[in-house]
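The numbers in the UniProt record's numbering rise by one with no breaks, and the one at position 143 of the sequence shown is 143. Single-structure report; data block below.
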Amino acid sequence: MKRFEVSTEIGSLSVAYQKQKKVLVCLNGAGLLPSYENFSLILEKPPPTIGYLTIDFPNTGRSPIHDQAGKNLDNLADAVYEVLEELGISEYILCAHSWSGILACKLLEKPIKRQTLVAIEPTTKKVMFADFSENPYPEMEEQMRLIDECGPELYFKNLTQATFSPETNKKIWELMQEKGLELENQDPEFQISGEITEEDFENLSIESHVPVFIFCQTYREKEYRESEY
């Protein structure tokens with residue numbers, strides 16, 4: 001595995017790359033998590049004939065600080081595609097989590113030879129722009145109670161501790177805390193990520209020949225069957 005930075009229009013992106021003809025491309029959701037560590041358990045699963053690429057978006061993981069004011073989701077999609085082109089990747093499997101699901105949909109419109117989408121609870125327009133006057137997921141009440149009880153950070157720390165090895169968990173929190181301190185020192189106008197609008201979800205369609213696999217809680221199945229995916 002090689003780790004390096006790729007310069008793009010939205011800033012330098014830190015990537016971890018294991019070269020093969022077909023590559024698993026991992027795209028993070030919200031937060032400062034380093035992508036390689038976040039997907040580490042998934043990266044262990046594919047056979048050695050499939051490589052991988054993890055990308056830290058600007059201001060997350062190992063990527064440098066870079067103001068995203070004036071940037072949008074199309075700019076991010078162009079930057080990720082720029083990385084794929086620079087590395088000569090023509091066949092890939094997209095593994096996208098959370099809001100990167102909609103980013104993946106935009107990437108699927110790009111001229112790459114062969115593509116597959118594996119989405120882990122990808123964000124839908126219905127939830128992204130819900131007013132939340134009513135809880136859209138009553139099934140999550142117990143989880144929300146625990147978050148309120150111990151606070152978001154402690155809840156998340158307990159979650160990563162239960163999920164990852166001690167070494168990986170330690171690295172995750174070292175990188176996130178380091179990045180958090182860097183971001184605290186930025187101007188108030190500094191924007192961590194580009195803007196996502198309702199228009200980003202419009203006129204998107206995944207071609208019928210592209211295999212799509214969505215992993216989600218049972219209670220969200222209907223939401224995804226009616227969604228952009």
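For every residue, glycine included, the Cβ atom is placed at its ideal position computed from N, Cα and C.
The shortest C-alpha to C-alpha distance from Y81 to any of P64, K179, H97 and A104 is the one to A104.
Collapsing the DSSP output to three states places V118 in a strand. If you compare the alpha carbons of G31, D56, K157 and V210 with that of E5, the shortest gap goes to D56.
A distance of 8 Å or more separates the beta carbons of T116 and L87. For R3, the three-state secondary structure derived from DSSP is strand. Rounded to whole angstroms, the separation of the alpha carbons of L204 and M128 is 16 Å.
Within the UniProt domain "AB hydrolase-1" (42-129), the complete alpha helix (DSSP H) runs of at least 4 residues fall at 73-86, 100-107 and 125-128. Only buried fits M176, as 16 or more other CB atoms lie within 10 angstroms of its CB. Between I196 and L73 a beta carbon distance of about 5 Å is seen, short of the 8 Å cut, so the two are scored as contacting. In this structure the region 22-34 touches the region 97-111; the number of beta carbon pairs closer than 8 Å is three or more.
Cβ contact annotation for S193 (same chain, cutoff 6 Å, sequence separation greater than five): Q68, in chain order.
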